[in-house]
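Worksheet: one structure, shown below.
Residue numbers (UniProt numbering): 1 to 97.
Here's what the structure looks like:
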């Protein structure tokens, strides 16, 4: 499902126009981004939790040259799915009707 299809489905399920639905999705994503900038986790009930984690510095070896390099620490976005979502994925998803 691409973004256009997602917005169309959201609009049909909520009774809003596609333009209103697009604005709502953008507002949610913008708010999530602000939370990530401050280092706050964003839990989505029944779906999972998005959080910013610090990846420590590590030594990496270039496989073609054998050269060892130090990779600096960095922040990465992590997602931990809810147990219900994990179960659905393990079972191959569910039919939506």
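Even for Gly, the Cβ is constructed at its ideal location relative to N, Cα and C.
Residue 79 - partner residues in DSSP beta bridges: Here residue 79 refers to the residue found at position 79 of the chain shown. Residue pairing for residue 79: DSSP places it in a beta bridge opposite 50.
Inter-stretch contact (C-beta, 8 Å, three-pair minimum) for the stretch 35-49 and the stretch 8-20: Verdict: no, contact absent.
Counted within 10 angstroms of its Cβ, other Cβ atoms place residue 64 as buried (16 or more) or exposed: As a first step, residue 64 is located in the chain shown; it is residue number 64 there, counting from the start. In summary, residue 64 is exposed, with fewer than 16 beta-carbon neighbours lying within 10 Å of its beta-carbon over all protein chains present.
Which listed residue (81, 88 and 1) has its alpha carbon closest to that of residue 103: Missing from the structure shown is residue 103; the chain here goes from 1 to 97 and no further.
Residue from 31, 67 and 47 whose Cα sits closest to the Cα of residue 84: Counted from its first residue, the chain shown places residue 84 at position 84. That would be 47, whose Cα lies nearest to the Cα of residue 84.
Spatially closest choice to residue 58 from 50, 73, 29 and 88, by CA coordinates: As a working mapping, residue 58 is identified with position 58 in the chain shown. Nearest option by C-alpha distance: 73.
Opening and closing residue of the alpha helix (DSSP H) in which residue 1 lies: As a working note, residue 1 is residue 1 in the chain shown. Counting along the chain, no alpha helix (DSSP H) covers residue 1, and no H or E run does either.
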